[in-house]
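Student:
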Amino acid sequence: MKKILAMCMALALVLSFGSFAMGEAEPVNVAIVVAGGLGDRSFYDSANEGLQSLIADYGVNGTVIECKEDASMYTTQLINAAETNDFVVAVGWQFWDGLVEIVPELPDTRFIFVDNGLDGVGDNLMSITYAQNEGSFLVGYIAAKLSETGKIGAVGGMDNETINDFLVGYEAGAKYADEAVEVHTIFAGDFEDPAKGKENALALYSMGCDIVFQVAGKTGEGVFEAAVETGNYAIGVDSDQKYINPDVIICSMIKQVGLSIYDTVAAYIDNGEFRGGEIWVADMATGFIDVGYGEEDMVQQVPDDLKAEVAELKEKIIAGEIEVPSAL
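According to mature numbering (1 follows the signal peptide of the UniProt record, and there is no 0), the stretch in the sequence shown is residues -21 to -1, 1 to 307, in order.
1) How far does the alpha helix (DSSP H) with Q31 in it reach, from first residue to last?
2) Just to confirm the assignment, what range does the beta strand (DSSP E) spanning I190 have?
3) Going by DSSP, what residue range makes up the beta strand (DSSP E) through I258?
4) Please classify K47: is it buried, with 16 or more other beta-carbons within 10 angstroms of its beta-carbon, or exposed?
5) At what residue ranges does the region 132 to 215 contain a whole run of the alpha helix (DSSP H), taking only runs of 4 or more?
6) Identify every residue that forms a DSSP beta bridge with I44.
7) Taking C-beta to C-beta, are D262 and E113 nearer than 8 Å?
8) Whole beta strand (DSSP E) runs in the region 71 to 110 with 3 or more residues, listed along the chain?
9) Counting Cβ pairs, one atom from each stretch, are 3 or more of them under 8 Å apart for the region 164 to 173 and the region 198 to 213?
10) Could you tell me the boundaries of the alpha helix (DSSP H) in which G237 lies?
11) Is the beta carbon of A306 closer than 8 Å to that of D144?
12) Are there 16 or more other CB atoms within 10 angstroms of the CB of K293, so buried, or fewer, so exposed?
13) Count the other CB atoms, across all protein chains shown, that sit within 10 Å of the CB of N250; report buried if there are 16 or more and exposed otherwise.
14) When burial is assigned at 16 or more other CB atoms within 10 Å of the CB, is K295 buried or exposed?
15) Per DSSP, which residues does S231 bridge with? Please list them.
16) Checking 8 Å against the spacing of the C-beta atoms, do residue 313 and N8 come in under that value?
17) Who pairs with K130 in a beta bridge, going by DSSP?
18) Three-state secondary structure (DSSP) at F253?
19) Once DSSP output is grouped into helix, strand and coil, what is the label at V118?
20) I want to know whether the region 51 to 68 touches the region 264 to 278 - three or more CB-CB distances under 8 Å.
21) With DSSP collapsed to three states, give me the class of V68.
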């Protein structure tokens, strides 16, 4: 019965894909399934911004499904999304096992795995990974240059490969600026707990760290609160988060999750292109990794001469003159 249902769904989706690709009016249906929840003002919200841009520019039918870090929902929600959508975008490493299970069963549903590289599963799955180590190198350099104590910190959401890729780059950039700088890290063990993020950041500030990089999603909002309370500084992640509190957020490591989703779906709508079976690395050279300083009218803790140094380092990374270490 399961095989028959899958075959029927596949036939319906083939017809749907074919008519739209030939320029008819039927819109593409896109579901974004996030492991956590919207409202983090970084990773998941960036993915949603990409979807909203697709809705505005291409008229796609867009849906967001939030799993709220409930592991029992990961595979189920992928299956639910595949029943009515042409594209299913799985945002978060947590979907690895579910994709391995269902992608071969639904060969005519196009899956996009965001933030992990999974291959050998099927030509209907494209993975997008990011060179977050490169951008983290730059913000680590900034942190070390601006630190008055010689100690900087980071709060990671989980102790996993992706988060460690940020942290490896962050420490490398800091050491590039000042070999003597101390870099301290605490893992919150959660991406949805601002109170835990605040507790971890307070611990780092009490150790003498005066700048803390948050790599923890919504948990990281607690880092910003701790920075305000202690009179210290913080660095945002994934989106340009300076607007949240320009007085304490000196810069952000930008990872263009939403733009990468937008470009992938738009390529299919425009010309039928889908890079199934591939792992695409969105990096600094392709414009998906950068440093953000907020709007020009916001208070700027990073002086222009340091921004110029960072711009030079960025070009050296792109040119291969600086090889940033990676945890991936």
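Glycine included, every Cβ here is placed at the ideal spot set by N, Cα and C.
Tutor: In short:
1) Note, Q31: alpha helix (DSSP H), F22 to Y37.
2) Counting along the chain, the beta strand (DSSP E) containing I190 begins and ends at I190 to V194.
3) I258 to A261 is the span of the beta strand (DSSP E), which, as asked, contains I258.
4) With fewer than 16 Cβ atoms within 10 Å of its Cβ, K47 is classed as exposed.
5) Taken in chain order, the complete alpha helix (DSSP H) segments of 4 residues or longer contained in the region 132 to 215 are 140 to 156, 173 to 185 and 200 to 209.
6) The partner list for I44 (beta bridge, DSSP) reads V12.
7) Contact: yes.
8) Runs of the beta strand (DSSP E) lying entirely within the region 71 to 110, each at least 3 residues long, are 89 to 93 and 104 to 109 in chain order.
9) Between the region 164 to 173 and the region 198 to 213, the count of C-beta pairs closer than 8 Å reaches three or more; the two stretches touch.
10) Start and end: V236 to N250.
11) Yes.
12) Buried, by the Cβ-count rule.
13) Exposed.
14) It counts as exposed.
15) In DSSP, S231 forms a bridge with G215 and G271.
16) Residue 313 lies beyond the stretch modelled for the chain, which goes from -21 to 307, so this question has no answer here.
17) DSSP output for K130 lists E161 as bridge partner(s).
18) If DSSP states are grouped into helix, strand and coil, F253 belongs with coil.
19) Shown here, V118 sits in a helix according to DSSP, grouped into three states.
20) Short answer: they don't touch.
21) Reduced to three states, the DSSP call for V68 is strand.
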